[in-house]
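Counting from 1, one number per residue, gives the positions in the sequence shown under the working numbering.
Even for Gly, the Cβ is constructed at its ideal location relative to N, Cα and C.
Here the structure is a predicted model, which means the values were calculated and not measured.
Working notes, structure below.
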Amino acid sequence: MNFRRKNKAHSSVEVSALNDIMFFLMLFFLIASTLANPNVIKLLLPQAKAGQTVSKQQYSLTVSKDLEYYINNEKTSLAFEQLESRLLQIVGNSNDVTVVLKVDRSIQVQNLVDILALGNKLKIKMILATQPPK
């Protein structure tokens with residue numbers, strides 16, 4: 001009688017690949033959950049058939065290093081004292097006028113504050129233009 005065992009190849013499952021898959025799945029769900037914003041209010045906004053869009057008027061006021069004033073890139077021969085009357089002419093009766101201030105960096109801060117105070121007095125929204133960082 002032959003009682004010898006037959007050599008059978010045992011099959012096994014490698015779990016090291018399963019660890020990698022589980023790690024990538026966990027990473028995916030972690031990133032996906034941070035992108036979902038739960039603080040969103042869902043609204044169905046009403047629609048209007050007829051509407052009117054209001055265009056805001058925008059002007060630019062540029063001040064050079066020699067304190068020369070440019071309104072919409074046109075040089076004016078105005079002194080600071082005359083600038084108020086010129087801005088009043090531009091603004092007129094409109095309330096939604098925005099003036100973009102482009103001021104040379106060598107201008108004294110007091111000159112900039114005077115212009116901003118003038119805009120505040122005339123109730124003009126003034127935005128200070130800057131260069132983006134390099």
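Check: Can you list, in chain order, the residues of its chain whose CB lies under 8 Å from that of T130, leaving out five sequence neighbours each side?
Finding: Position 130 of the sequence shown, counting from 1, holds the residue named residue 130. Taken in chain order, the list of residues that qualify is empty.
Check: Does the region 22-36 come close enough to the region 80-92 to have 3 or more Cβ pairs within less than 8 Å?
Finding: Result no; under three Cβ-Cβ pairs closer than 8 Å.
Checklist line | Validate contact between the region 9-28 and the region 55-70 using beta carbons, cut 8 Å, 3 pairs | finding: The count of Cβ pairs closer than 8 Å, one atom from the region 9-28 and one from the region 55-70, stays below three, leaving the stretches out of contact.
Notebook entry, point to check: Excluding sequence positions up to five away, which residues of its chain have a Cβ less than 7 Å from the Cβ of D114?
Noted result: Taking the sequence shown and counting its residues from 1, the one referred to as residue 114 is at position 114. By the criterion of a C-beta distance shorter than 7 Å, D114 is surrounded in its chain by F80, once the five residues flanking it on both sides are discounted.
Margin query: Mapping the DSSP letters down to three states, classify S33 as helix, strand or coil.
Written below: Here residue 33 is taken as the residue at index 33 of the sequence shown, counted from 1. Note: S33 maps to helix in three-state DSSP.
Margin query: DSSP three-state label for L61, please.
Written below: As a first step, residue 61 must be located in the sequence shown, where it is residue number 61. L61: strand per DSSP, three-state reduction.
Next item on the list: Please report how far the alpha carbon of L25 lies from the alpha carbon of A17, in whole angstroms.
Entry: Here residue 25 is taken as the residue at index 25 of the sequence shown, counted from 1. Here residue 17 is taken as the residue at index 17 of the sequence shown, counted from 1. Annotation: L25 to A17 spans about 13 Å, alpha carbon to alpha carbon.
Note to self: Suppose contacts are defined by Cβ-Cβ distances below 8 Å. Is L83 in contact with Y69 by that definition?
What the structure shows: Residue 83 sits at position 83 when you count from the first residue of the sequence shown. Residue 69 sits at position 69 when you count from the first residue of the sequence shown. Yes; because the gap between Cβ atoms is below 8 Å, this pair is in contact.
Note to self: By the DSSP assignment, the beta strand (DSSP E) with L101 in it spans what residues?
What the structure shows: Looking up residue 101 in the sequence shown gives position 101. L101 -> beta strand (DSSP E) spans V97 to V103.
Notebook entry, point to check: Can you tell me where the alpha helix (DSSP H) with L122 in it begins and where it stops?
Noted result: Against the sequence shown, residue 122 aligns to sequence position 122. For L122, there is no enclosing alpha helix (DSSP H), since its DSSP letter is neither H nor E.
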